[in-house]
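Asker: Residue numbers (my numbering): 145 to 494.
Following this message is one structure expressed as C-alpha cells.
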Amino acid sequence: MKKTQVHLVGAGPGDPRLLTRRAYELLCRANIVVYDALVSPEILALIPERAERIPAGKRAAGHSMHQREINALLVELAEQRGGCIVRLKGGDPFVFGRGGEEMLALRSAGIPYEIVPGISSGLAAPAYFDIPITHRGLSQAFTCITAYTEDEGLPELDWTSLAKLPGTLVFYMGMRQVAKISAALLGAGMSAERPAAILSKGTSPEQQLRSETLGAFAASTEDYSALAPGLFVVGEVLSLAAGRLPKPLEGKRIIVTRAQQQASGLAEGLRAQGAQVRLLPSIEIAERTEVRPQLEAVLSDLSRYDWLLFTSPNAVQYFFAALERSGRDARALAGLRLAVVGPMTAEILG
C-alpha cells in the first residue's frame with residue numbers, strides 16, 4: 145500500500161497574515177490536521193470543515209500527547225490514511241519545535257514528507273513591537289535560546305559565553321524562569337543596566353511589552369507565567385521600541401458573524417487596525433435550487449423586462465452562475481438597464 149506524504153508545516157507566530165503561501169495552500173486542501181496548542185484559533189479557522197482535526201497539545205506543562213506518541217501517530221496516519229496530511233506546528237518546525245524528531249521518525253518508517261518553514265516568533269514578535277533584533281551600531285548578531293526545562297529550573301547553558309555576546313539574546317519558553325535567567329546573566333558579568341523585556345503573545349492583538357533593566361528582572365518576585373507564550377529578550381535594540389505608536393484597535397477582541405464567504409475582507413481590515421478577530425458565521429448563503437425552474441423561465445425571456453436589480457454581491461454571483469448554466473452570457477442582458485444596491489455590489493458587477 146502506498147504511503148501518504150506528511151507535510152510538516154510551520155504556522156508562524158499566530159497572525160494568520162504571516163502564513164506562507166505554501167502553508168495556506170496545504171491547510172485549504174487538508175484532509176487531516178494534527179496541530180499544536182500554540183497554533184492560533186484564527187489559523188485553525190482556515191482548516192476546511194471536512195478535515196479531521198487532531199489536537200496534539202504541546203504547551204508548557206499541559207501536554208496532551210507525548211512526542212513519541214505524536215511521531216507514532218504521524219506514521220500511522222501516513223500508512224493507513226490517504227489525502228493531504230498536515231502536521232501543523234507553531235512558529236517554524238525546526239526552531240525549538242521538535243520538527244526534526246518528527247522528520248526522522250517519518251524517514252525511519254519510509255514515509256515521504258515535506259518541510260514547510262514558518263516565521264519564528266523570535267523574529268516576528270520583536271518586529272511587531274518595532275524592535276529590530278539586529279541594528280547597525282547596537283546589535284550585529286542575535287542568539288536564539290530555549291529556556292525550557294522539565295523541572296522549570298535554570299537551563300544548563302554556558303552563561304559566561306552568553307553574557308559576553310555583544311548582540312541580542314532571545315529566550316524562548318522562559319516565562320517561568322525570567323528572574324533566574326536574569327540573575328544567571330548578571331552573575332556571569334552582564335551589566336545590570338542592560339535593557340531587557342518580556343514580549344508576550346507577540347503578533348496577536350493581546351501582545352504586551354514589559355520593559356525593565358536586567359537587574360530589575362533579576363530582583364523581581366513576580367510570576368510571569370500568565371504572559372506565556374512569550375519571549376524574554378535582552379539587548380540594546382530594545383531601546384528602539386520607545387517611540388512605538390499602538391494601533392487603534394490594539395487589544396480589542398471582535399466577533400464577526402457574517403457569512404464565511406463575506407467575512408474575510410472585514411476581518412482583514414479589523415486585523416490591520418490591531419484587533420483580534422474571531423470568525424463565527426451565524427448565517428450561510430446558499431442557492432435556492434427549488435426556484436431554478438422559475439429562474440430559467442425568466443432567463444429565457446429577458447426581453448419582457450426593462451430593469452435588472454441586484455441587491456447584493458451574492459445576487460450577482462448566483463444570477464450569473466444561473467445565466468451560464470442556461471448556456472447564455474452577458475449578451476443576453478442587452479436592452480436591460482442594470483441597477484445595484486451598494487458599492488460592493490457595483491464592484492462585483494464590474
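Even for Gly, the Cβ is constructed at its ideal location relative to N, Cα and C.
Hey, L152 and R251 are a contact pair by Cβ (cut 8 angstroms); roughly how many whole angstroms apart?
Answerer: In the sequence shown, the residue the question calls residue 152 occupies position 8. In the sequence shown, the residue the question calls residue 251 occupies position 107. No, L152 and R251 are not in contact; Cβ-Cβ is about 11 angstroms, not under 8 angstroms.
Asker: Taking all protein chains shown into account, decide if T278 is buried (16 or more other Cβ within 10 angstroms of its Cβ) or exposed.
Answerer: Here residue 278 refers to the residue found at position 134 of the sequence shown. It is exposed - the Cβ of T278 has fewer than 16 other Cβ atoms within 10 Å.
Asker: Over the uninterrupted alpha helix (DSSP H) stretch that includes Q438, give me the two end residues.
Answerer: If you number the sequence shown from 1, residue 438 lands on position 294. Segment 436–443, the alpha helix (DSSP H) holding Q438.
Asker: The alpha helix (DSSP H) spanning K97 covers which residue range?
Answerer: Only positions 145 to 494 of the chain appear in the structure, and residue 97 is not among them; the question remains open.
Asker: Since A474 contacts L439 with CB under 8 angstroms, what's their CB separation in whole angstroms?
Answerer: Walking along the sequence shown from the start, residue 474 turns up at place 330. Walking along the sequence shown from the start, residue 439 turns up at place 295. Contact doesn't hold; Cβ gap of about 16 angstroms is too wide.
Asker: Can you have a look at D367 and say buried or exposed, based on whether 16 or more other CB atoms are within 10 angstroms of its CB?
Answerer: In the sequence shown, counting from the first residue as 1, residue 367 sits at position 223. Counting Cβ neighbours within 10 Å, D367 comes out exposed, since fewer than 16 surround it.
Asker: Whose C-beta lies closer than 6 angstroms to the C-beta of W303 among residues of the same chain, with five residues either side of it excluded?
Answerer: On the sequence shown, residue 303 is found 159 positions in, with the first residue counted as 1. Its chain contains A328, A332 as the residues whose beta carbon lies nearer than 6 angstroms to that of W303, once the 5 sequence neighbours on both sides are disregarded; these appear in chain order.
Asker: Got a sec? Which residues, its chain only, sit under 8 angstroms from L424 by beta carbon, not counting five neighbours each side?
Answerer: The residue you call residue 424 lines up with position 280 of the sequence shown. So the qualifying residues of the chain are I399, V400, T401.
Asker: Determine the extent of the beta strand (DSSP E) in which I427 is found, giving its start and end residues.
Answerer: Position 283 of the sequence shown, counted from the first residue, corresponds to residue 427. Taken as a continuous stretch (DSSP letters only), I427 belongs to no beta strand (DSSP E), as it is neither H nor E.
Asker: Cα separation between T334 and R194?
Answerer: Residue mapping note: residue 334 aligns to position 190 of the sequence shown, counting from 1. Residue mapping note: residue 194 aligns to position 50 of the sequence shown, counting from 1. With the sequence shown as reference, residue 334 is identified as Met, and Thr is not the correct amino acid for it. Their Cα atoms are separated by approximately 54 angstroms.
Asker: Report, in whole angstroms, the separation of the C-beta atoms of A181 and V219, which I expect to be a contact under 8 angstroms.
Answerer: By one-based count along the sequence shown, residue 181 stands at place 37. By one-based count along the sequence shown, residue 219 stands at place 75. Actually they do not touch by this definition, with Cβ atoms about 22 angstroms apart.
Asker: Return helix, strand or coil for E350, following the three-state DSSP convention.
Answerer: In the sequence shown, counting from the first residue as 1, residue 350 sits at position 206. In the structure shown, E350 sits in coil (DSSP, three-state: anything other than H, G, I, E or B).
Asker: One question on the structure: do S265 and G235 come within less than 7 angstroms of each other, judged by their Cβ atoms?
Answerer: As a working note, residue 265 is residue 121 in the sequence shown. As a working note, residue 235 is residue 91 in the sequence shown. In this structure, G235 lies closer than 7 angstroms to S265 by Cβ.
Asker: Quick check: G154 and K233, are their CB atoms within less than 7 angstroms of each other?
Answerer: As a working note, residue 154 is residue 10 in the sequence shown. As a working note, residue 233 is residue 89 in the sequence shown. Here G154 is near K233, since their CB atoms are less than 7 angstroms apart.
Asker: What are the start and end residues of the alpha helix (DSSP H) that includes Y179?
Answerer: Against the sequence shown, residue 179 aligns to sequence position 35. Bounds of any alpha helix (DSSP H) do not take in Y179; it lies within the beta strand (DSSP E) bounded by 176–179.
Asker: Applying the criterion that 16 or more other CB atoms from any shown protein chain within 10 Å of the CB defines a buried residue, is G374 buried or exposed?
Answerer: Translated into the one-based positions of the sequence shown, residue 374 becomes position 230. Looking at its Cβ environment, which holds 16 or more other Cβ atoms inside 10 Å, G374 is buried.
Asker: When the distance is taken between beta carbons, is E380 closer than 7 angstroms to L282?
Answerer: Here residue 282 refers to the residue found at position 138 when the sequence shown is read from its first residue. Here residue 380 refers to the residue found at position 236 when the sequence shown is read from its first residue. A contact, by the Cβ cut-off of 7 angstroms.
Asker: If you measure from the beta carbon of K345 to each beta carbon in chain B, is any gap under 7 angstroms?
Answerer: The structure shown contains no chain B, having only a single protein chain.
Asker: Measure the beta-carbon distance from P349 to G395 and round it to whole angstroms, keeping in mind my assumption that it falls under 8 angstroms.
Answerer: As a first step, residue 349 is located in the sequence shown; it is residue number 205 there, counting from the start. As a first step, residue 395 is located in the sequence shown; it is residue number 251 there, counting from the start. Rounded, the Cβ-Cβ distance is 6 angstroms, consistent with contact.
Asker: I275 and L384: beta carbons closer than 7 angstroms?
Answerer: On the sequence shown, position 131 is the one that residue 275 refers to. On the sequence shown, position 240 is the one that residue 384 refers to. Cβ distance < 7 angstroms, so I275 and L384 count as in contact.
Asker: Whole angstroms is fine: what's the gap from L477's alpha carbon to D445's?
Answerer: Looking up residue 477 in the sequence shown gives position 333. Looking up residue 445 in the sequence shown gives position 301. C-alpha separation (whole angstroms): 10 angstroms.
Asker: Note down the Cα distance separating Y272 from P392, rounded to an integer number of angstroms.
Answerer: Position 128 of the sequence shown, counted from the start, is the residue given in the question as residue 272. Position 248 of the sequence shown, counted from the start, is the residue given in the question as residue 392. Whole-angstrom Cα-Cα distance: 15 angstroms.
Asker: Return helix, strand or coil for T433, following the three-state DSSP convention.
Answerer: The count along the sequence shown starts at 1 and reaches residue 433 at position 289. In the three-state reduction of the DSSP assignment, T433 falls in the helix class, which pools H, G and I.
Asker: Tell me the start and end of each unbroken alpha helix (DSSP H) in the stretch 228–276 that is at least 4 residues and wholly inside, in chain order.
Answerer: 243–252, 265–272
Asker: Find out if the Cβ-Cβ distance for the pair I229, I191 is shorter than 7 angstroms.
Answerer: Position 85 of the sequence shown, counted from the first residue, corresponds to residue 229. Position 47 of the sequence shown, counted from the first residue, corresponds to residue 191. Taking 7 angstroms as the Cβ cut-off, I229 and I191 do not qualify as a contacting pair.
Asker: If you draw a straight line from the alpha carbon of L188 to that of Y316, how long is it in whole angstroms?
Answerer: For the purposes of this step, residue 188 is taken as residue 44 along the sequence shown, with counting starting at 1. For the purposes of this step, residue 316 is taken as residue 172 along the sequence shown, with counting starting at 1. About 23 angstroms.
Asker: From Y449 to G413, what distance separates their C-alpha atoms?
Answerer: Residue mapping note: residue 449 aligns to position 305 of the sequence shown, counting from 1. Residue mapping note: residue 413 aligns to position 269 of the sequence shown, counting from 1. Each residue's alpha carbon lies about 39 angstroms from the other.
Asker: Run through DSSP, which three-state label would G333 get?
Answerer: Taking the first residue of the sequence shown as 1, we reach residue 333 at position 189. The answer is coil: DSSP assigns G333 none of H, G, I, E or B.
Asker: For R280, name the three-state secondary structure that DSSP assigns.
Answerer: In the sequence shown, counting from the first residue as 1, residue 280 sits at position 136. Note: R280 maps to coil in three-state DSSP.
Asker: Could you check the C-alpha separation between V239 and E246 for me, to the nearest Å?
Answerer: Residue 239 sits at position 95 when you count from the first residue of the sequence shown. Residue 246 sits at position 102 when you count from the first residue of the sequence shown. Near 13 angstroms, if we compare the C-alpha coordinates of E246 and V239.
Asker: Out of V150, L313, R472, point me to the one whose CA is closest to I214's CA.
Answerer: In the sequence shown, the residue the question calls residue 214 occupies position 70. Residue V150 is the option with its Cα nearest to I214.
Asker: For F286, which residues of its own chain have a beta-carbon under 7 angstroms away from its beta-carbon, when the five flanking residues on both sides are left out?
Answerer: As a working note, residue 286 is residue 142 in the sequence shown. Closer than 7 angstroms at Cβ, skipping near neighbours: I277, T278, G311, T312, V314.
Asker: Taking the CB atoms as reference points, tell me whether A340 and F361 lie closer together than 7 angstroms.
Answerer: Taking the first residue of the sequence shown as 1, we reach residue 340 at position 196. Taking the first residue of the sequence shown as 1, we reach residue 361 at position 217. Taking 7 angstroms as the Cβ cut-off, A340 and F361 qualify as a contacting pair.
Asker: Among M488, V435, S184, A363, which residue has its Cα nearest to the Cα of V460?
Answerer: Locating residue 460 in the sequence shown gives position 316, where the first residue counts as 1. Checked all of M488, V435, S184, A363; the closest Cα to V460 is M488.
Asker: Helix, strand or coil: which one does DSSP assign to T293?
Answerer: In the sequence shown, counting from the first residue as 1, residue 293 sits at position 149. Looking at T293 - three-state DSSP - the assignment turns out to be coil, as it is neither helix nor strand.
Asker: T489 by DSSP, collapsed to three states: which one?
Answerer: Taking the first residue of the sequence shown as 1, we reach residue 489 at position 345. It is helical.
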